[in-house]
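Everything on this sheet refers to the single structure shown next.
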Amino acid sequence: MNLRVRALVSMIGVFLLLPALGGTARATSAGEVVEARATTVYLAPGRLLEVPVKAWHLRYRSTSATGQPNVVSGTLLVPAAPYLLGRRPVVGYAVGTHGLGDQCAPSAAMANGTEAELAIMSLMLLKGWAVAVTDYEGLGTPGDHTFMAGLSQGHAVLDSIRAAVRVPDANLSDAAPVVVMGYSQGGSSAAWAAQLQPSYAPELRLRGVAAGGVPADLRAVADHLDGTGNFGLAAAAGLGLDAAYPELRLESHLTPEGAALFGDARDDCVSDLRAKLGGRRLSELTTTDVLNLPDWRARLAENRLGASAPKAPLFLYHATGDEIIPYELGRTLRRDYCARGANVLWTGVPAGSHVLGVVEGAPLAVAWLATRVAGLPAVGNC
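The structure is reproduced here in structure tokens:
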């Protein structure tokens, strides 16, 4: 057999093996639906007050923080009534911090009637928009949740939208107007989706992104939370980054007590994270200055928002009395984006806490997104 024939035979063999290796390029592409299973969503615990929408629990392909293919879960909500104003808009909704264990995932909370952010999603469902809600990497799927790994979270949001328009019974269009919204962890995820979209998902018709209470600089947030009642959130971010980037080797830098506490936290929801780790300091639980190690410094810098300008208009909002994510971090993100030419509308909401910031800011964000869906000019205040 000559070399040309051998090459042809080898090529044929590769194509024959493709289904066993995961299918064609399209079948393994980001946003491809692995499973779409009809589900029911409830507003109240005990599976009371069924939300009158068509809903699917999704598993879809996405991309990790290090560029590796993965599978992420989520929930797609589509109003039952027809949309009469053209193609039904699709929202990529990024939830705030739920925790690290699979039982904390938004999909699980919606199925059990314990998802508080459904109140915000309902504002968009009432407008007739479809809402795709990612669970993020490792929250509802095998592996540890890569909490606060920005690239992973941004990919998961964008791919939830791609997956939504590929669910046959949802009757959504890949030419539909798209918007993204999130607060806190979700605000970071939404901003990362905005930054990544031009290169990662340029086909999406992204009209605008609303991001509130954004922890744009994880190192600054960690320093702020150290020794406070919310230290558990900083510890969770450490575990999330460690899950995303194996070279960080967090466990090798923990004291025996730190190893026990961090190990126990790996499957906790947010209330337990606060209760178990509140008031602690990172220096008490580690054997070295972890955040100043070269690998950690590099990954923290990589996960700092604002280094590039999103093409889509942005609505950024932050509570002036935010005790978890300092108000100045929101102002700095605004300055960074404005300096790079982004179209930014910024507002500080007069809320006295991080949680009240989402309550006061969400209606403003949804109203702004509605102007984007309607195609009105986006006016910034840089």
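One rule links them: number in my numbering = place in the sequence shown (from 1) + 17. Ideal Cβ placement from N, Cα and C applies to all residues, glycine included.
Asked	Found
Could you spell out the range, first to last residue, of the beta strand (DSSP E) harbouring G91?	P86 to P96
Consult DSSP for S216 and reduce its assignment to one of helix, strand or coil.	helix
Could you compute how far the alpha carbon of G199 sits from the alpha carbon of P311?	31 Å
Tell me whether the beta-carbon of V107 lies closer than 8 Å to the beta-carbon of A147.	yes
CB-CB under 6 Å to L213, same chain, minus the five flanking residues each way: which ones, in chain order?	G171
How big is the Cα-Cα spacing for A282 and L93?	29 Å
To the nearest angstrom, how far is the alpha carbon of L101 from that of G118?	40 Å
Are R298 and G246 closer than 8 Å when you measure CB to CB?	no
Using beta carbons (cut-off 8 Å, strictly below), is A187 in contact with chain D?	The structure shown contains no chain D; it is built from a single protein chain.
Just verifying my parser: in three-state terms, what is the DSSP assignment at P380?	helix
What residues match up with V226 in a beta bridge as DSSP calls it?	V197 and L331
Taking the straight line between their C-alpha atoms, what separation do you get for I249 and L256?	First, the amino acid is wrong: residue 249 is Gly here, not Ile. Approximately 10 Å, taken between the alpha carbons.
If you draw a straight line from the alpha carbon of A276 to that of S269, how long is it in whole angstroms?	9 Å
Within the chosen definition, does the region 76-89 reach the region 116-135 through at least 3 CB pairs nearer than 8 Å?	no
From the DSSP output, read off the bridge partner residues of W73.	A55 and L93
Rounded to whole angstroms, what's the CA-CA distance from V95 to V89? Just pull it up for me.	19 Å
Tell me the rounded alpha-carbon separation between N360 and A211.	12 Å
So G113 and S201 are in contact, right, with Cβ under 8 Å, and what is the actual spacing, rounded?	4 Å
How would you write the range of the beta strand (DSSP E) that T364 sits in, first residue to last?	V361 to V366
Tell me where the alpha helix (DSSP H) around T349 begins and ends.	Y344 to A356
With distance defined between alpha-carbon atoms, name the residue in R224, Y217 and H371 nearest to A192.	R224
Give me, in chain order, the residues of the same chain whose beta-carbon lies closer than 7 Å to that of T272; leave out the 5 immediate sequence neighbours on both sides.	L302, T303 and T304
How is C121 classed by DSSP in three states: helix, strand or coil?	helix
Just verifying my parser: in three-state terms, what is the DSSP assignment at V396?	coil
Among A391, V307 and A379, whose alpha-carbon lies nearest the alpha-carbon of S139?	A379
Relative to the C-alpha of S300, which candidate in P219, N188 and D243 has its C-alpha closest?	D243
Report the CB separation of G130 from G63 in whole angstroms; it is logged as a contact under 8 Å.	6 Å
Grab me the residues of L34's own chain with a C-beta within less than 7 Å of its C-beta, minus the 5 sequence neighbours each way, in chain order.	Confidence at L34 is low in this model, with a pLDDT of 27, below 50, so its placement is unreliable and the value that follows should be read with caution. Around L34: no qualifying Cβ.
First and last residue of the beta strand (DSSP E) that includes L66?	L65 to E67
Determine the closest residue to A368 out of R348, Y334 and E274, with distance taken between C-alpha atoms.	Y334
Less than 8 Å between the CB atoms is what I'm expecting for P330 and A395, so what's the real figure, rounded?	4 Å
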